[in-house]
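Here the structure is laid out as structure tokens; the discussion comes afterwards.
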Amino acid sequence: MARYGLSLVVPGAWGLFLINVVGSFLIGVLMGTVPRPLVRAFFGVGVLGGFTTFSSYAASWSWALVATPVCAVVAAFLGLRVSR
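The sequence shown runs 397 to 480 under the working numbering.
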């Protein structure tokens with residue numbers, strides 16, 4: 397529902413880009429704050445993995461395929477740094 401709501405606010409490829417970067421940031425925060433590996437895996441892969449839409453993004457905005465992983469890694473790193 398959160399991904400759908402965000403896609404209504406920012407439609408199109410920019411919305412997908414924003415969803416992926418925000419999701420990566422939240423994964424970074426999760427990795428920095430949750431000590432239990434199984435809980436991190438559940439929320440990181442299950443919940444936030446479902447929130448991000450890298451496959452949809454690649455299909456709709458292929459020219460930015462390189463920019464998304466770079467921004468996502470930076471966002472995950474920032475999320476990790478903010479949470480510590």
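C-beta atoms are modelled at their ideal positions from N, C-alpha and C, and glycine is treated no differently.
Indicate the three-state DSSP secondary structure (helix, strand or coil) for V470 in the structure shown. Position 74 of the sequence shown, counted from the first residue, corresponds to residue 470. Residue state, collapsed to three classes: helix.
Does any heavy atom of the ligand GDP sit closer than 8 Å to the C-beta of F438? Within the structure as shown, the ligand GDP is missing, as the structure has no ligands at all.
Y400 to C467 span [Cα, whole Å]: As a working mapping, residue 400 is identified with position 4 in the sequence shown. As a working mapping, residue 467 is identified with position 71 in the sequence shown. Using only the alpha carbons, I get a separation of about 21 Å.
Could you give the DSSP three-state label for R399: helix, strand or coil? The count along the sequence shown starts at 1 and reaches residue 399 at position 3. Looking at R399 - three-state DSSP - the assignment turns out to be helix.
DSSP state of V462 mapped onto helix, strand, coil: Your numbering for residue 462 matches position 66 in the sequence shown. DSSP places V462 in coil when its eight states are reduced to three.
Assuming L476 contacts L444 (C-beta within less than 8 Å), just tell me the rounded distance between them. Position 80 of the sequence shown, counted from the start, is the residue given in the question as residue 476. Position 48 of the sequence shown, counted from the start, is the residue given in the question as residue 444. Not really, about 14 Å apart at Cβ, beyond 8 Å.
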